[in-house]
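Report on the structure given below.
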Amino acid sequence: MSRLSDIAHQLVAPGKGILAADESTGTIKKRLDTIGVESTETTRRDYREMLFGATEAMTSYISGVILFDETLRQSASDGTSFVDMLRAMNCLPGIKVDIGAKPMPGYADETVTEGLDGLRERLNEYARIGAAFAKWRAVIAIGENKPTRASIHANAHALARYAALCQEAGIVPIVEPEVLADGKPGDHTIEVCERVTTDTLGEVFEQLRLAGVELDGMILKPNMVIPGVNGPKVSVEDVAERTVRTLKATVPPIVPGIAFLSGGQTSEQASANLSAMQHVSKLPWALTFSYGRALQADALAAWAGKPENVEAARAAFTHRARMNSLASRGEWAPELDRAA
Ligand code: 13P
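Quick note: the sequence shown uses our numbering, first residue 10, plus one each step.
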């Protein structure tokens with residue numbers, strides 16, 4: 010196995026998944042605002058140290074953590090760099106390298122993710138600092154007359170350019186094309202999500218092949234096939250069946266793993282859906298989690314910025330990590346979730 014393939018398999022090892030803690034400075038401010046904590050370099054450090062210091066969660070359930078540039082360069086309060094702290098727990102450090110979804114010229118209300126200029130140099134530096142993998146998020150919005158073929162194509166092309174540059178630098182790319190559930194108006198049906206996700210993943214793999222990306226040295230991070238947040242509700246089984254069907258139709262079996270984003274689902278929904286997918290049929294790839302909000306929300310609320318709450322917050326995070334680890338094995342159950 011190549012080194013890239015080794016790392017990709019390590020990220021989706023049985024019972025493990027990825028913690029997405031790569032909120033940009035703007036996004037983490039929004040999260041800290043919800044608990045009344047001012048966002049400063051120190052509070053952002055303290056928050057991440059609370060999460061990464063949850064030793065049981067990190068060693069047993071988390072294979073890798075996606076970081077933002079500032080965090081990759083930061084150290085815990087005792088002076089240990091976060092990169093060293095994660096590596097000591099056998100967790101791979103990763104880095105978000107896109108610079109965000111920007112308005113796409115000529116296509117009102119659609120975006121294309123930017124960050125390719127100078128990316129080769131940035132990736133080489135990130136590899137020197139210790140990043141083993143990277144993430145780039147493309148955003149596909151559903152609404153009247155969207156997504157257009159143009160936005161799907163532009164975003165897939167950028168993802169493929171990014172992935173090829175990552176592999177050149179010895180970094181495993183996480184390829185994240187997110188079909189938004191929580192965009193506006195967010196009233197679409199699950200059928201529409203299935204069609205748009207199928208079109209998007211089809212184009213993404215076409216572009217990855219054209220760019221010469223080694224498909225066994227990458228991880229796909231897609232949305233689950235779910236209705237918009239204001240759309241008609243569906244069952245867990247419906248989500249699981251449609252998601253697996255969509256992935257089987259578009260993702261080559263050589264891809265080592267698929268690690269979902271949570272995309273505004275509640276923490277419990279994200280665990281329930283992931284667990285149900287493991288029972289639909291035999292799967293060629295590992296299916297696991299790469300959650301941001303669905304892993305962190307309870308811990309963030311329990312922490313509330315207070316040092317005396319760190320242990321309770323770590324317990325909340327460990328619980329969610331364990332629930333999602335069980336889900337990645339198809340062993341999650343609501344009773345286990347609520348017993349905590
Ligand atoms: P959510 O799980 O909160 O959607 O975040 C995952 C992520 O990394 C989005 O880019």
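Here a beta-carbon is modelled for each residue, glycine too, at the ideal position from N, C-alpha and C. Just so we're clear, the structure is a prediction, and the values are computed from it rather than from any experiment.
Is the beta carbon of residue i within less than 7 Å of some heavy atom of ligand 1?
i, result
"residue 56", "no"
"residue 135", "no"
"residue 300", "yes"
"residue 303", "yes"
"residue 109", "no"
"residue 31", "yes"
"residue 337", "no"
"residue 329", "no"
"residue 271", "yes"
"residue 146", "yes"
"residue 185", "yes"
"residue 151", "no"
"residue 104", "no"
"residue 138", "no"
"residue 180", "no"
"residue 75", "yes"
Looking only at its chain, what residues have a beta carbon closer than 6 Å to the beta carbon of residue i, apart from the 5 residues adjacent to it on each side?
i, result
"residue 281", "245"
"residue 295", "21 and 266"
"residue 139", "92 and 102"
For residue i, count the other beta carbons within 10 Å of its own beta carbon; 16 or more makes it buried, fewer makes it exposed. Which is it?
i, result
"residue 11", "exposed"
"residue 275", "exposed"
"residue 50", "exposed"
"residue 263", "exposed"
"residue 58", "buried"
"residue 144", "buried"
"residue 26", "buried"
"residue 53", "buried"
"residue 323", "buried"
"residue 337", "buried"
"residue 297", "buried"
"residue 31", "buried"
Considering just the uninterrupted stretch of the alpha helix (DSSP H) at residue i, what are its terminal residues?
i, result
"residue 294", "From DSSP, residue 294 is part of no alpha helix (DSSP H); its letter is neither H nor E."
"residue 326", "319–337"
"residue 59", "50–61"
"residue 130", "128–138"
"residue 68", "64–69"
Quick one: grab the DSSP three-state call for residue i.
i, result
"residue 243", "coil"
"residue 264", "coil"
"residue 217", "helix"
"residue 81", "helix"
"residue 156", "coil"
"residue 238", "coil"
"residue 38", "helix"
"residue 312", "helix"
"residue 76", "strand"
"residue 90", "strand"
"residue 354", "It is not possible to answer for residue 354, since the shown part of the chain is limited to 10 through 349."
From which residue to which residue does the beta strand (DSSP E) around residue i run?
i, result
"residue 101", "101–105"
"residue 118", "116–122"
"residue 29", "26–30"
"residue 227", "No beta strand (DSSP E) holds residue 227; DSSP gives it neither H nor E."
"residue 187", "181–188"
"residue 113", "110–113"
"residue 284", "No beta strand (DSSP E) holds residue 284; the alpha helix (DSSP H) holding it covers 276–286."
"residue 143", "142–149"
Looking only at its chain, what residues have a beta carbon closer than 7 Å to the beta carbon of residue i, apart from the 5 residues adjacent to it on each side?
i, result
"residue 172", "182, 184, 217, 220, 222 and 227"
Among residues of its own chain, excluding the 5 on either side of residue i, which ones have a beta-carbon nearer than 8 Å to its beta-carbon?
i, result
"residue 249", "282, 285, 286, 288 and 289"
"residue 149", "156, 160, 161, 164, 186, 187, 188, 189, 205 and 209"
"residue 44", "309, 310, 312, 313 and 314"
"residue 196", "237, 239 and 240"
"residue 341", "280, 281, 283, 284, 332, 333 and 335"
"residue 199", "234, 235, 236, 240, 241, 243, 247, 248 and 251"
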